[in-house]
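Structure first, commentary second.
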Amino acid sequence: MRRLASSMMMAFAACGGDDGGRGTTTKDAATIDTQAPPVDSKLVDAPPPVSVDAPAGTALLTVKNYVSWCEVSVNGGTPSTADIQTVNVMPGTITLTASAATGFILGADMWHHTNGDTGRGEAGSVSAGVSTAMVTVATSAKCVWVCCPFPDGSGCEPDVIGEQCP
Numbered sequence: 000m001r002r003l004a005s006s007m008m009m010a011f012a013a014c015g016g017d018d019g020g021r022g023t024t025t026k027d028a029a030t031i032d033t034q035a036p037p038v039d040s041k042l043v044d045a046p047p048p049v050s051v052d053a054p055a056g057t058a059l060l061t062v063k064n065y066v067s068w069c070e071v072s073v074n075g076g077t078p079s080t081a082d083i084q085t086v087n088v089m090p091g092t093i094t095l096t097a098s099a100a101t102g103f104i105l106g107a108d109m110w111h112h113t114n115g116d117t118g119r120g121e122a123g124s125v126s127a128g129v130s131t132a133m134v135t136v137a138t139s140a141k142c143v144w145v146c147c148p149f150p151d152g153s154g155c156e157p158d159v160i161g162e163q164c165p
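When we follow numbering that gives the first Met the number 0, the leftmost residue of the sequence shown carries the number 0, and every step to the right adds one.
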């Protein structure tokens with residue numbers, strides 16, 4: 000009986016939970032990390048995906064559509080309400096178009112970092128419910144943003160919503 004008790008104690012001692020301070024636990028031959036990494040920001044700070052197979056000589060143009068309030072086309076592409084479009088373009092002047100999504104309007108200062116933006120945005124050229132703006136892209140990445148405001152003209156003030164292409 001004493002041998003059985005000694006054997007049992009040794010077996011349980013061998014199954015102890017000491018992980019050497021690593022913060023991991025083993026369960027069914029799988030290691031589970033029990034320590035969460037520290038959070039340094041409420042915002043995701045990873046860059047947008049970049050096409051690895053980008054054609055030679057192109058630059059990445061990022062067009063941010065604030066809260067998807069516009070339907071945006073980049074360089075003749077299919078219009079989209081996506082909040083971010085990243086497109087590889089040849090250096091030069093690129094055409095951007097936007098129409099307002101349902102419940103929004105085209106604004107007087109909706110495009111930012113485009114050729115006609117003097118610091119507070121531009122309306123672009125408006126015709127038949129579509130705003131057209133131009134952006135010149137060199138050999139490095141470029142970011143522009145657009146915002147279609149509420150019908151009363153509010154919702155897109157840069158000093159309220161912040162710079163979208165920091």
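Even for Gly, the Cβ is constructed at its ideal location relative to N, Cα and C. Model, not experiment: these values are computed from the prediction.
Looking at the DSSP output, residue 135 bridges to 92.
The continuous beta strand (DSSP E) containing residue 143 extends over residues 141-145. Just so you know, the alpha carbons of residue 78 and residue 119 end up roughly 25 angstroms apart.
In terms of Cβ geometry, residue 95 and residue 134 form a close pair [threshold 9 angstroms]. Straight across, the Cα-Cα distance linking residue 156 with residue 115 is about 17 angstroms. Beta bridge pairing from DSSP links residue 110 with 121 and 145.
Within the same chain, 69, 97, 120, 121, 122, 123, 130, 145, 146, 147, 148 and 155 come within 8 angstroms of residue 109 by CB-CB distance, once the 5 residues on both sides are set aside. Less than 9 angstroms divides the Cβ of residue 88 from the Cβ of residue 136. The three-state secondary structure of residue 67, taken from DSSP, is helix.
According to DSSP, residue 85 shares a beta bridge with 61. Take the alpha-carbon of residue 73 and the one of residue 93: they are about 8 angstroms apart.
Rounded to the nearest whole angstrom, the C-alpha separation of residue 141 and residue 162 is 14 angstroms.
When beta bridges are read from the DSSP output, residue 100 appears opposite no residue. Taking C-beta separations shorter than 7 angstroms and ignoring five residues to either side along the sequence, the partners of residue 139 in its chain run 58, following chain order. Here residue 67 is not near residue 85, since their CB atoms are 9 angstroms or more apart.
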